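Working notes, beginning with the structure itself.
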Amino acid sequence: MTPEELSSAISACLRAAVDAGDISIDLPSEVRVERPKNRDHGDWATNIALQLGKKAGMNPRQFAQLLSDRLAGIDGVKSVEIAGPGFLNITLDAGAAGELARSIVEAGSAYGRNDALAGHTVNMEFVSANPTGPLHLAHTRWAALGDSIARVLRASGAEVTAEYYINDAGTQMNNFAASVLATIKGRPTPEGGYPGEYIADLGRTVLEARPEVAELEDAEALPIVRAIAYEAQMADIKGTLADFGVHFDVFFSESSLHDGGAVEQAVERLREQGHVFDEGGAVWLRTTDFGDDKDRVLIRTNGEPTYFASDAAYYLSKKDRGFPEKIYLLGADHHGYIGRLKAIAACAGDDMEQNIQILIGQMVSVNGARLSKRAGNIIELRDLLDWLGRDALRYSLGRSPADSAMSIDPELLRKNTNENPVFYVQYAHARTHAVARNAVSAGVDTGSFDAASLSHPTEGELLAALGQFPGVVAQAATFREPHRVARHLEVIAGTYHRWYDACRVSPLGGAPVEDVHRSRLWLNNATQQVLANGLDLLGVSAPERM
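Heads up: the sequence shown at position 534 corresponds to 534 in the numbering used here, and the numbers run straight through without jumps.
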């Protein structure tokens with residue numbers, strides 16, 4: 001019996017109680033069930049009696065008793081116990097519990113997907129590094145986490161657009177172009193410019209496309225250099241992200257806001273909302289009305305818009321493009337942006353709690369990593385990929401909460417031992433394939449399935465861990481915490497390894513193949529499917545051999 005089937009059974013019991021006149025309540029759209037933390041408390045638990053007891057004018061334990069009597073008569077339910085103030089702990093018989101293995105295999109890659117966030121339309125912006133240099137360590141964590149958050153949101157029914165905001169307007173782009181031109185003309189890096197061998201590489205790229213640039217005056221050469229170097233650097237960034245397994249649906253240019261008049265339009269729209277005022281020759285947004293620590297300048301006294309004005313125009317662009325929910329993933333050095341971005345949302349007429357969420361990630365360090373030879377003073381993401389590999393990097397970054405500082409241990413991640421979390425999980429997946437190959441060689445197939453034969457204690461533990469997976473995915477999406485998936489995969493891997501040690505899928509020697517062997521192959525293959533599904537949510541491969 002799957003959690004969905006049990007949830008439907010409980011809902012049916014509630015409907016029957018209403019129809020019989022035992023209770024009078026509005027029925028919930030769904031009944032949530034979850035695995036008890038203590039396996040001695042049964043296979044599944046629900047707090048539905050606590051939720052509905054008062055609404056029905058009953059003590060929650062009385063409500064639980066009424067529901068318990070009906071649940072106990074359902075096929076597959078072995079026992080129902082009432083715990084505490086009204087929790088229902090449900091134990092399934094072996095056959096009903098074992099049916100989960102077949103359900104998982106039949107669901108395939110869809111197992112774990114749920115509708116917890118169905119109807120949500122989300123724009124999620126992350127990474128958004130300036131196109132003035134290669135991606136580096138500071139971007140790595142958000143690239144991994146942002147992509148995994150997008151994956152778990154989609155797996156939970158949300159419609160998600162992953163977006164990269166290209167900061168291609170302003171002083172930094174002028175300094176970038178001047179730095180590339182300086183290397184073309186053999187001059188030192190200008191003040192405020194960018195050093196590093198990659199600048200010289202960009203200079204060579206510019207010369208290959210437009211050799212005459214070297215002879216042009218700076219004023220004429222700079223726009224050409226800027227355009228070509230910008231495109232080349234963005235191509236490098238996109239290529240690195242692709243190699244890291246990170247996908248973006250939209251690359252949004254900041255300069256397009258200025259070129260299309262969106263910044264000026266945003267100021268006027270916010271003025272119409274009553275939140276813009278003029279003072280001291282500048283134009284301000286009254287963000288203090290919504291909890292910001294000070295009001296913010298939109299247009300300077302010289303008539304130039306501020307970065308904050310671009311932020312406001314960008315937020316309104318997301319709203320205009322049909323995204324009720326907007327998630328920003330920012331680094332620890334952007335903590336001060338929380339108040340101002342939420343204030344923009346409120347000034348635009350949105351709900352600061354419902355329409356915008358800002359996630360702040362802490363820094364990550366790498367023990368013993370060398371600074372990039374190409375970029376000079378940073379650790380490049382591409383170097384980390386070459387050194388550690390995508391899987392180790394993605395998994396290690398994905399298994400810790402974003403708001404906790406972390407340090408990557410390269411020596412550990414390069415070990416093929418159980419100490420290495422990514423190896424531990426991937427090896428469990430590879431082992432399921434080895435078990436399946438050996439089973440086929442021994443004549444074991446999945447032609448028949450006897451769920452009741454999966455009665456060994458380790459099989460109950462493994463089925464319980466597999467059954468929790470959809471709930472873990474839903475929680476990971478709701479809380480924007482994909483590390484929950486990684487940690488649960490490690491639980492599944494450990495449970496699987498213990499089951500492997502205790503239960504044989506292939507019979508020993510010349511012993512005949514029995515239904516228990518075939519049923520265990522179903523359980524093995526179910527574990528394989530869940531591990532693969534979970535690794536995919538983290539952007540990590542599921543190898544068949546290791």
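Idealized CB from N, CA, C, for every residue including glycine. Note that the structure is predicted; figures quoted are calculated from it, not measured.
Counting every other CB atom within 10 Å of its CB across the protein chains shown gives residue 525 a total of 16 or more, marking it as buried.
Note on geometry: alpha-carbon atoms of residue 93 and residue 344 lie some 55 Å from one another. Exposure of residue 512 is indicated by the presence of fewer than 16 other C-beta atoms within 10 angstroms of its C-beta.
The C-beta separation of residue 520 from residue 446 comes to about 10 Å, leaving the pair out of contact by the 8 Å criterion.
The three-state secondary structure of residue 296, taken from DSSP, is strand.
Only exposed fits residue 247, as fewer than 16 other CB atoms lie within 10 angstroms of its CB.
In this structure, the beta-carbon distance from residue 290 to residue 348 does not fall below 8 Å.
DSSP links residue 136 through a beta bridge to 380.
Here the region 78-91 does not lie against the region 450-458, with fewer than 3 beta-carbon pairs under 8 Å apart.
According to the DSSP assignment, residue 122 belongs to the beta strand (DSSP E) that extends over 121-125. In the structure shown, residue 283 falls within a strand segment according to DSSP collapsed to helix, strand and coil.
Taking all protein chains shown into account, residue 136 has 16 or more neighbouring C-beta atoms within 10 Å of its C-beta and is therefore buried.
For residue 175, the secondary structure class from DSSP, reduced to helix, strand or coil, is helix.
When secondary structure is reduced to three states using DSSP, residue 74 falls in the coil class, being assigned neither helix nor strand. DSSP, read as helix, strand or coil, puts residue 538 in coil. The beta carbons of residue 76 and residue 101 sit no closer together than 8 Å. Residue pairing by DSSP places residue 93 in no beta bridge whatsoever.
Annotation for residue 258: 169 place their beta carbon closer than 7 Å to its own, counting only its chain and skipping 5 residues before and after. Taking 4 residues as the shortest admissible run, the region 215-256 contains the following complete alpha helix (DSSP H) segments, listed from N- to C-terminal end: 218-243. For the set 177, 239 and 156, the Cα lying nearest the Cα of residue 134 is the one of 239. In this structure, residue 442 sits near residue 506, with a CB-CB distance shorter than 8 Å. Membership of residue 45 in any alpha helix (DSSP H) is not indicated; the residue belongs instead to the beta strand (DSSP E) covering 44-46. Between residue 145 and residue 177, the CB-CB gap reaches or exceeds 8 Å. Beta-bridge annotation (DSSP): residue 328 is paired with 125 and 358. For residue 56, same chain residues with a beta-carbon under 7 Å away, outside a window of 5 residues either side, are 23, 24, 25 and 63 in chain order. The bridge partners DSSP lists for residue 166 are 253. Of the candidates 487, 534, 449 and 532, the residue whose Cα lies closest to the Cα of residue 523 is 449. Taking residue 475 as the centre and dropping the five residues before and after it, the same chain places the C-beta of 484 closer than 7 Å to its C-beta, in chain order. The beta carbon of residue 339 sits closer than 7 Å to the beta carbons of 291, 292 and 293 from its chain, once the five residues preceding and following it are set aside; these are given in chain order. Straight-line spacing of the CA atoms in residue 183 and residue 237 works out to 21 Å.
Residue 12 holds the alpha-carbon nearest to the alpha-carbon of residue 72 among 12, 105 and 18.
If the five residues before and after residue 129 are omitted, its C-beta is found closer than 7 Å to the C-beta atoms of 135, 139 and 237, all from its own chain and listed in chain order. Residue 495 sits buried, since 16 or more C-beta atoms from the chains shown fall within 10 Å of its C-beta. With a 10 Å radius around the Cβ and a threshold of 16 neighbouring Cβ atoms, residue 27 comes out exposed. By the 16-neighbour rule on beta-carbons within 10 angstroms, residue 58 is buried. At a Cβ-Cβ threshold of 8 Å, residue 196 and residue 175 do not count as neighbours.
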